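Student: I'd like to ask some things about the structure below.
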Amino acid sequence: MLPRLIATDLDGTLLRRDLSVSPRTQLALDAVRERGVLVVPVTARQPLGVRHLAGAAGFTGWALCSNGALGIHLTTDEVLFESLLAQEVQTAVVQALLERVPEVVCVSIRERGEGFYAQAGYAALASQSDHKRDPATMNALSLNEVLSQPSLKLALRHPELSPADLLGELRALGLSGFHATHSGAPFVEMAAAGITKAAGLAQLCECLDVHQAEVLAFGDAPNDAEMLAWAGHGVAMANAHPEARAACWAAQGE
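What follows is the structure, encoded as structure tokens:
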């Protein structure tokens, strides 16, 4: 039986290594849409990054961006929901983290994913592929300026620590009020407590009157794990991170 909704991660899942959509994938997307199945990108990207490939992938409807913190319609720009990380929470977490790992730098993403506020020193560590933005265009703000407003997503990176190691340092703080993950990009991603791809997908499905059992989800990274476990059927890519594979196994009772 066909699902009513397919939720798919983009980078490492739907996209090839050059970030393109293969002709075979385009045909598959067209085929399921012709049979009435909704296809929704569920991604750590912001709307800007999704729109770069919308034509090839045929994305014209709802998208879940920033790891489920933002539900937005790609054609009408209607915002279904936008969940923000509180300014006081992100400030407390970053200040505590800097005591453990002094060289951490941040970016606050806000304003429906359009606002990109980078701390001085962040651009030197970044590449075009990280945020789908040219590092030369990134501003160089003080930490206080970066943290001065609530964030849709706060990106944290370190010149030497891997995202997994930095995430371990963040969790070791023992603080609450936020959710942190990583997606295979060279930074940790922090959002409001309870914000995951699964939570965003559940909100969208409720609005569309789609039941959990009618959802088929695809993903490959740790930030996909909750979505893969929540969906009626979750599929991890062959080269998926162990957390993503484990989420599928757990959901299937294996």
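When we follow the working numbering, the leftmost residue of the sequence shown carries the number 111, and every step to the right adds one.
The beta carbon of each residue, even a glycine, is placed where N, CA and C say it ideally should be.
Bear in mind that the values here come from a model prediction, so they are computed numbers and not experimental data.
1) In whole angstroms, what is the alpha-carbon distance linking alanine 367 and methionine 111?
2) Kindly confirm or deny that the stretch 212-225 and the stretch 340-357 touch, where touching means at least three C-beta pairs closer than 8 Å.
3) For the beta strand (DSSP E) that methionine 300 lies in, which residues bound it at each end?
4) Are the Cβ atoms of leucine 264 and leucine 195 separated by less than 8 Å?
5) To the nearest angstrom, how far is the alpha carbon of valine 147 from that of glutamine 238?
6) Taking only three categories from DSSP, how would you classify glutamate 192?
7) Here's a check: name, in chain order, each residue in its chain whose Cβ is nearer than 6 Å to the Cβ of alanine 233, leaving out the five neighbours to either side.
8) Which same chain residues end up closer than 6 Å to leucine 120 when comparing Cβ atoms and leaving out the 5 residues on each side of it in sequence?
9) Could you pull out every unbroken beta strand (DSSP E) segment of at least 3 residues lying fully inside the stretch 193-239, listed in chain order?
10) Just to confirm my understanding: we take glutamate 364, look at its own chain, exclude 5 residues before and 5 after, and list those with CB closer than 6 Å. What are they?
11) Contact defined as beta carbons within less than 8 Å: I believe glutamine 259 pairs with arginine 220. What is the distance between those atoms, to the nearest angstrom?
12) Would the C-beta of glycine 304 count as close to the ligand GTP, meaning under 7 Å from any of its heavy atoms?
13) In whole angstroms, what separates the C-alpha of leucine 139 from that of proline 352?
Tutor: On the basis of the supplied data:
1) Outside the shown range of the chain, which is 111 to 364, sits residue 367, and nothing can be said about it.
2) no
3) 298-302
4) The answer is yes: Cβ separation under 8 Å.
5) 33 Å
6) In the structure shown, glutamate 192 sits in a strand (DSSP, three-state: E or B).
7) Pro245 and Met248
8) Counting only Cβ-Cβ distances below 6 Å, and skipping sequence neighbours, we find Pro151 and Thr153.
9) 215-220 and 225-228
10) Only weak support exists for where glutamate 364 lies, its pLDDT of 45 falling under 50; the value from the coordinates is given anyway. Hits under 6 Å: none found.
11) 6 Å
12) The ligand content of the structure shown is nil, which means the ligand GTP is not present either.
13) Approximately 27 Å between the Cα atoms of the pair.
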